[in-house]
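Colleague: Chains as they are written, first to last, in my numbering: chain D, 1 to 255; chain R, 1 to 255.
For glycine and all other residues, C-beta sits at the position ideal for the given N, C-alpha and C.
2 protein chains.
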Amino acid sequence: MKQSLIKTGSSTESLDTASSSLLPKLKDLPLFSNIDSSVLETFVSTSIHQNFHKNNMLYAHGDEAHYFYIIQSGWVKLYKETLDGEEAILDILTTGHVFGEDALFSDNHHTCYAEAIETLDVIMIPLPALAREINTNNQLALNLLAAMSKHRRQQEQHIEHMSLQNAPQRIGCFLLRLCKANDPSPKELLLPYDKTLIASRLGMKAETFSRGLSSLKKSNLITVKGGTVIIHSIEALSSSCCSACSHIYPCPDIC
Amino acid sequence: MKQSLIKTGSSTESLDTASSSLLPKLKDLPLFSNIDSSVLETFVSTSIHQNFHKNNMLYAHGDEAHYFYIIQSGWVKLYKETLDGEEAILDILTTGHVFGEDALFSDNHHTCYAEAIETLDVIMIPLPALAREINTNNQLALNLLAAMSKHRRQQEQHIEHMSLQNAPQRIGCFLLRLCKANDPSPKELLLPYDKTLIASRLGMKAETFSRGLSSLKKSNLITVKGGTVIIHSIEALSSSCCSACSHIYPCPDIC
Chain D
1 MKQSLIKTGS
11 STESLDTASS
21 SLLPKLKDLP
31 LFSNIDSSVL
41 ETFVSTSIHQ
51 NFHKNNMLYA
61 HGDEAHYFYI
71 IQSGWVKLYK
81 ETLDGEEAIL
91 DILTTGHVFG
101 EDALFSDNHH
111 TCYAEAIETL
121 DVIMIPLPAL
131 AREINTNNQL
141 ALNLLAAMSK
151 HRRQQEQHIE
161 HMSLQNAPQR
171 IGCFLLRLCK
181 ANDPSPKELL
191 LPYDKTLIAS
201 RLGMKAETFS
211 RGLSSLKKSN
221 LITVKGGTVI
231 IHSIEALSSS
241 CCSACSHIYP
251 CPDIC
Chain R
1 MKQSLIKTGS
11 STESLDTASS
21 SLLPKLKDLP
31 LFSNIDSSVL
41 ETFVSTSIHQ
51 NFHKNNMLYA
61 HGDEAHYFYI
71 IQSGWVKLYK
81 ETLDGEEAIL
91 DILTTGHVFG
101 EDALFSDNHH
111 TCYAEAIETL
121 DVIMIPLPAL
131 AREINTNNQL
141 ALNLLAAMSK
151 HRRQQEQHIE
161 HMSLQNAPQR
171 IGCFLLRLCK
181 ANDPSPKELL
191 LPYDKTLIAS
201 RLGMKAETFS
211 RGLSSLKKSN
221 LITVKGGTVI
231 IHSIEALSSS
241 CCSACSHIYP
251 CPDIC
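1) One question on the structure: do R:LEU144 and R:GLU133 come within less than 7 Å of each other, judged by their Cβ atoms?
2) Please classify R:GLY85: is it buried, with 16 or more other beta-carbons within 10 angstroms of its beta-carbon, or exposed?
3) Using a beta-carbon distance below 7 Å, is R:LYS195 in contact with chain D?
4) Going by beta carbon distance, what residues of the same chain come within less than 8 Å of D:TYR333, once the five residues before and after it are set aside?
5) Closer than 8 Å between beta carbons: that is the criterion. Which residues of the region 56-85 of chain D meet it against chain R?
6) Going by beta-carbon coordinates alone, are D:ALA270 and D:GLN157 separated by less than 7 Å?
7) Considering D:PRO128, what are the terminal residues of the alpha helix (DSSP H) in which it resides?
8) Looking at chain R, which residues of the region 99-111 of chain D have a Cβ within less than 9 Å of any of its Cβ atoms?
9) Report the three-state DSSP secondary structure of D:TRP90 (helix, strand or coil).
10) Run the CB neighbour count on R:PRO184, radius 10 Å, all protein chains shown included, and call it buried at 16 or more, exposed below.
11) Compute the Euclidean distance between the alpha carbons of D:ASP102 and D:LYS218, then round it to the nearest angstrom.
12) Is there a C-beta anywhere in chain R that falls below 7 Å from the one on D:LEU29?
13) Go to R:ILE248, then tell me how far its alpha helix (DSSP H) extends in each direction, as first and last residue.
14) On the CB-based measure, 16 or more other CB atoms within 10 Å of its CB, does R:LYS225 come out buried or exposed?
15) For D:LEU189 and D:CYS173, I'd like the C-alpha separation in whole angstroms.
16) Name, in chain order, the residues that DSSP records as bridge partners for D:MET124.
17) Helix, strand or coil: how does DSSP classify D:LEU228 here?
18) Under the assumption that R:LEU176 contacts R:LEU130 (Cβ atoms under 8 Å), give the Cβ distance between them as a whole number of angstroms.
19) Can you give the Cα-Cα distance for D:THR82 and R:PRO252, rounded to whole angstroms?
20) Report buried or exposed for D:ASN182, applying the criterion of at least 16 other Cβ atoms within 10 angstroms of its Cβ.
21) Measuring CA to CA, which of D:VAL76, D:SER210, D:ASP28, D:GLY227 is closest to D:ASP121?
22) When the Cα of D:ASP36 is compared with those of D:ALA199, D:CYS179, D:ASN137, D:SER214, which residue comes out closest?
23) By the DSSP assignment, the alpha helix (DSSP H) with D:GLU156 in it spans what residues?
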């Protein structure tokens, strides 16, 4: 089993205690909405600010969980590994996302791997501090319930897409969600991470992804130049993708 | 959009107020672990006991949510429907499962369809009663968090299987989980619902399911007689399936 940097202490990243400038950032997170400043100050005072290089492991499946993580910048992938050594990507997260907190409900052990896929800047807050607070702070428990419920709807949409959308539709859907993130709908997009990772994120092999991308190009829906994609018509692409989905573009907060 | 029986009032099922004999059943549910009897008595006093025939709809995607449901017996499928009219099954649940409570975090609207796939006997408890209680009862919020977290791990395993297991492995895994439910590992199993539904539950087309089942038969791992499956060797079947999974048989509580 792979070892996380935190457990082995082999990290080469800089560690420094997070400053009180973090407080406004925490207040902006839905997880900490309507939570007293005194609680957040406790979190800040025990937090660590850490950078991880690309391909560095934050934690491994089965590791005892010491922290939960708030992304300041960069990208992390959460994944499982089969006995055969294959990776199944569960999520790829970026700025503002919180992860690792679900270990609270798995006997304080992580149930997947977390690895930086680009330079990653995170705030690490001790998990016992969250556990103590959540046991008495009902607002925090409700906020975490809301976050988990949103994640559940996102997973349901992912399962729906893997069940019913073909490869071009899943790729088109991924591109449309990037448009939404870059409102008001620019048509030229920079892919956020490399194509092999996008394929894995969408639950398909690299060859299937390539064929799907070619199919979208042949249908004159997109043009691809390296890591840049030009969508010719949002309407035509969404018409093609959303017919095999229970939502229409632009879809609600589950994306 | 399909209408649920509850909204349209077109149900032909019998309605009767649930009796206090329900209390012990509620106490046995993990969701209500360590919850005061007085709280559960309030739930019982406002609950409804209802039967649904096969193919009856409990609620539709987008319906305002009035209740959450506890299954006494029978089977229900939770699913999404695409614009094309295809179904993506999210879950198939039976005795002891709780569902519909997640509408609390979707503006009190259901985000999928719920339909009886066999005669279904449920306790329906008004959602506002749960909402009121959860806003002040931290133990109940923590119980719901634990339930959601378990569901999240189940969904993650489903996504992992859809990404990396082939059809025979997914079918074999489904059969092995039935063995686990019928501890100590009987080798002759009655399929819990029809093969078309199992295929959908596993996110594959009926033809793919048939080919996968044939492949398991040709490999001499199973024999199929109508709705009965005989597993020749649990060890051989798990060896074949679990190599493409991050867990080994018997896998933990996520199944």
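Modeller: The answer reads as follows:
1) It is not a contact, given that the beta carbons lie outside the stated cut-off.
2) Exposed is the label assigned to R:GLY85, since fewer than 16 other Cβ atoms lie within 10 Å of its Cβ.
3) no
4) One cannot answer for residue 333 of chain D here, as it falls past the ends of chain D, which runs 1 to 255.
5) HIS61, LYS80, GLU81, THR82, LEU83, ASP84
6) Lying outside 1 to 255, the shown extent of chain D, residue 270 of chain D is not represented and no answer is given.
7) 127-134
8) ASP102, LEU104, PHE105, SER106, THR111
9) Going by the sequence as given, residue 90 of chain D is Leu instead of Trp. Reduced to three states, the DSSP call for D:LEU90 is strand.
10) Legend: pLDDT at R:PRO184 = 47, less than 50; position of this residue unreliable, no value from coordinates given.
11) 43 Å
12) Interface criterion not met: the Cβ of D:LEU29 is under 7 Å from no Cβ in chain R.
13) Note, R:ILE248: premise wrong, no alpha helix (DSSP H); not H, not E.
14) The residue is exposed, with fewer than 16 neighbouring Cβ atoms inside 10 Å.
15) 13 Å
16) D:ILE48, D:TYR69
17) Strictly speaking, residue 228 of chain D in this sequence is Thr, with Leu absent from that position. Three-state result, D:THR228: strand.
18) With a Cβ gap of about 35 Å, R:LEU176 and R:LEU130 do not count as contacting.
19) 15 Å
20) With a pLDDT of only 49 at D:ASN182, under the threshold of 50, the placement of this residue in the model should not be trusted; the figure read from the coordinates follows. Burial call: exposed.
21) The option with the nearest alpha carbon to D:ASP121 is D:VAL76.
22) Ranking the options by Cα distance to D:ASP36, first place goes to D:ASN137.
23) Counting along the chain, the alpha helix (DSSP H) containing D:GLU156 begins and ends at 138-164.
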